[in-house]
Amino acid sequence: MDTMTSAPDEINALSYEQARDELVRVVNALEQGASSLEESLALWERGEALARRCEEWLIGAKARLDAARAGQVDSAATAG
């Protein structure tokens, strides 16, 4: 499967690290400027989807940290 034309479902299945690493590759390819206009647009669209996936992972991680901190505060309040 060509990673530049795969479905959004494939991007949604990526771990944070996989999405981040592929986003870096996409940005590098765009910065080289060797692609045709159509290829550049496809790369940009994939990069946008990868960036959204990374953001989803980071939002989820922040929510987990916030919940853990709230749990610690609740535990301290009931113990004290």
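The numbering used here numbers the first residue of the sequence shown as 135 and each following residue consecutively.
Glycine is no exception: its CB is placed at the ideal position from the N, C-alpha and C atoms.
As the structure is a prediction and not an experimental result, all values here were calculated from the model.
Rounded Cβ spacing between residue i and residue j (contact assumed at less than 8 Å)
i: residue 160; j: residue 177; result: 5 Å
Alpha carbon of residue i to alpha carbon of residue j, nearest angstrom
i: residue 174; j: residue 144; result: 20 Å
i: residue 186; j: residue 165; result: 20 Å
i: residue 149; j: residue 184; result: 11 Å
i: residue 135; j: residue 199; result: Note that residue 135 scores a pLDDT of 40, beneath 50, so its modelled location is shaky and nothing firm can be said.
i: residue 162; j: residue 202; result: 37 Å
i: residue 194; j: residue 171; result: 35 Å
i: residue 169; j: residue 180; result: 14 Å
i: residue 212; j: residue 146; result: 40 Å
Neighbourhood of residue i by C-beta, 8 Å cutoff - its chain only, sequence neighbours within 5 removed
i: residue 188; result: 150, 153, 154, 157
Same chain, Cβ closer than 6 Å to residue i, five either side skipped, listed in chain order
i: residue 205; result: none
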